[in-house]
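Enquirer: Residue numbers (this note's numbering): 406 to 503.
Ideal Cβ positions, reconstructed from N, Cα and C, are used throughout, including at glycine.
Supplied in structure tokens, the structure appears directly below.
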């Protein structure tokens with residue numbers, strides 16, 4: 406749900422680009438660079454290049470289900486620690502509820 410809310414705030418064209426890349430990963434999993442990069446233990450990012458910016462959606466996989474944890478617009482070369490921490494906390498909360 407947090408990723409859906411974040412994505413809904415994006416301009417229409419960017420929203421479509423992010424959605425297309427997420428769908429590509431869902432259909433083609435496992436998939437690697439340049440669309441997906443491993444970020445940690447059971448944590449990956451969908452890498453979307455848009456017209457003026459770059460978006461990332463951090464996700465995990467539970468069984469055969471892709472669970473979207475956090476989305477953000479990338480402003481630097483390195484993924485911000487705060488965005489990575491948000492995804493890790495949501496992943497931990499997900500594990501506790503399952």
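With a Cβ-Cβ cutoff of 8 Å, do residue 478 and residue 460 count as a contact?
Expert: In this structure, residue 460 lies closer than 8 Å to residue 478 by Cβ.
Enquirer: How long is the line joining the alpha carbons of residue 441 and residue 420, rounded to whole angstroms?
Expert: Roughly 18 Å separates the two Cα atoms.
Enquirer: Note down the Cα distance separating residue 480 from residue 433, rounded to an integer number of angstroms.
Expert: When rounded, the distance between both Cα atoms is 28 Å.
Enquirer: How big is the Cα-Cα spacing for residue 486 and residue 493?
Expert: Roughly 10 Å separates the two Cα atoms.
Enquirer: In whole angstroms, give me the CA-to-CA distance for residue 438 and residue 426.
Expert: Approximately 12 Å, taken between the alpha carbons.
Enquirer: Hey, would you say residue 408 sits closer than 8 Å to residue 430, going by beta carbons?
Expert: Not in contact: residue 408 and residue 430 (Cβ atoms no closer than 8 Å).
Enquirer: How far does the alpha helix (DSSP H) with residue 451 in it reach, from first residue to last?
Expert: Residue 451 -> not in any alpha helix (DSSP H); beta strand (DSSP E) instead, spanning 448 to 454.
Enquirer: Using the Cβ count rule (16 or more neighbours within 10 Å means buried), how would you classify residue 488?
Expert: The residue in question, residue 488, is buried, as its Cβ has 16 or more Cβ neighbours within 10 Å.
Enquirer: Assign residue 428 to buried or exposed, taking buried as 16 or more other Cβ atoms, counted over all protein chains shown, within 10 Å of its Cβ.
Expert: When all chains shown are included, residue 428 counts as exposed.
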